[in-house]
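Residue 347 is where the sequence shown starts when you use our numbering, and the numbers rise one by one after that.
Step one of this worksheet: look at the structure below.
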Amino acid sequence: MSSLWSTARKAARLAKDAALEAVWPTRCCICDAPGFTLCPSCERALPYLDRWTACPACGAAFGIVQCTECASVRLARLGRDSLPFDGCASAVRFGPEAGRIVRTFKDGGEQRLALDMARIMHACIHPEWDLDAAAFIPASSSALTRRGFDHGELLARAFCAETGLALAYALDRPDSQDQRALSRAERVANLSGRFNAQADECRDRSILLIDDVLTTGSTLFDAADALKAAGAQTVHCLTFARV
Numbered sequence: 347m348s349s350l351w352s353t354a355r356k357a358a359r360l361a362k363d364a365a366l367e368a369v370w371p372t373r374c375c376i377c378d379a380p381g382f383t384l385c386p387s388c389e390r391a392l393p394y395l396d397r398w399t400a401c402p403a404c405g406a407a408f409g410i411v412q413c414t415e416c417a418s419v420r421l422a423r424l425g426r427d428s429l430p431f432d433g434c435a436s437a438v439r440f441g442p443e444a445g446r447i448v449r450t451f452k453d454g455g456e457q458r459l460a461l462d463m464a465r466i467m468h469a470c471i472h473p474e475w476d477l478d479a480a481a482f483i484p485a486s487s488s489a490l491t492r493r494g495f496d497h498g499e500l501l502a503r504a505f506c507a508e509t510g511l512a513l514a515y516a517l518d519r520p521d522s523q524d525q526r527a528l529s530r531a532e533r534v535a536n537l538s539g540r541f542n543a544q545a546d547e548c549r550d551r552s553i554l555l556i557d558d559v560l561t562t563g564s565t566l567f568d569a570a571d572a573l574k575a576a577g578a579q580t581v582h583c584l585t586f587a588r589v
């Protein structure tokens, strides 16, 4: 009986998907080509970051020799004297194409783009990173209400399905404003001390912290602080795009 019920549910889901596809056909979020959420041509043309020339500490483009993004002067402006994480990487540089992907995913509700983003991010994991689990930056309550889904959780779930890593619900939901309209100083103040991490999910584990976009680094910095305070052995960060 349970097998029949499962088959019926699968058939109903397929019928629903077919009906939706007939009314709203799948289109590439960049070029509008039919049949893809992100077509192969647009995926190949993305401005990928080269990890061999990026900063090995913070992941900034062309920072392999002398990085300005995690230099002491820059960190001092954020009230820090060192990076709170053990390494960071991003897949692409943020621009019109990457911005279109992120906006279509988060605000346009095209949740299937999480699969494309996760696949692209998978290639950016440094081989020397020894990881136990992936965590994510949870959406604020207001963002969750507005969108109807947690984009961070969805991206992390897709990434874990892609890589086989365990998913850790390590960070509590923050009570903060949307970061996108804030200045650098406002971003730091908005999230400073706002994250709380669960020790049961962090203790003695090497955590990969996933987010969609790295802008100033303030979100990842404070989240990494919380994960380390909860007992994480190491914290590495991975984002789809970097400003």
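Every residue, glycine too, gets a C-beta built ideally from N, C-alpha and C.
These figures come from a predicted structure and were not determined experimentally.
Exclusion of the five residues before and after Asp478 leaves Arg551 and Ser552 as the residues of its chain whose Cβ lies within less than 6 angstroms of its Cβ. Here Ser564 is buried. Its C-beta has 16 or more other C-beta atoms within 10 Å.
Counting other Cβ atoms within 10 Å of its Cβ, Arg588 reaches 16 or more and is therefore classed as buried. Under a 10 Å Cβ-count criterion, Ala507 is classified as exposed, with fewer than 16 other Cβ atoms of the shown protein chains found around its own Cβ. For Thr565, the uninterrupted alpha helix (DSSP H) run begins and ends at Ser564 to Ala575, by DSSP.
In the DSSP assignment, His497 falls within the alpha helix (DSSP H) that extends over His497 to Thr509. Listed in chain order, the non-local C-beta contacts of Phe408 below 6 angstroms within the same chain comprise Thr399, local neighbours out to five positions each way being set aside. Within the model, the alpha-carbon separation for Asp568 versus Cys434 is close to 14 angstroms. For Thr580, the uninterrupted beta strand (DSSP E) segment begins and ends at Thr580 to Arg588.
Here Thr585 really is in contact with Asp557; their C-beta atoms are around 5 angstroms apart, less than 8 angstroms. Going by DSSP, Cys388 is part of no beta strand (DSSP E) but of the alpha helix (DSSP H) stretching over Pro386 to Arg390.
Rounded to the nearest whole angstrom, the C-alpha separation of Asp521 and Lys452 is 19 angstroms.
Following the DSSP letters along the chain, one finds Leu554 in no alpha helix (DSSP H) but inside the beta strand (DSSP E) bounded by residues Ser552 to Leu560.
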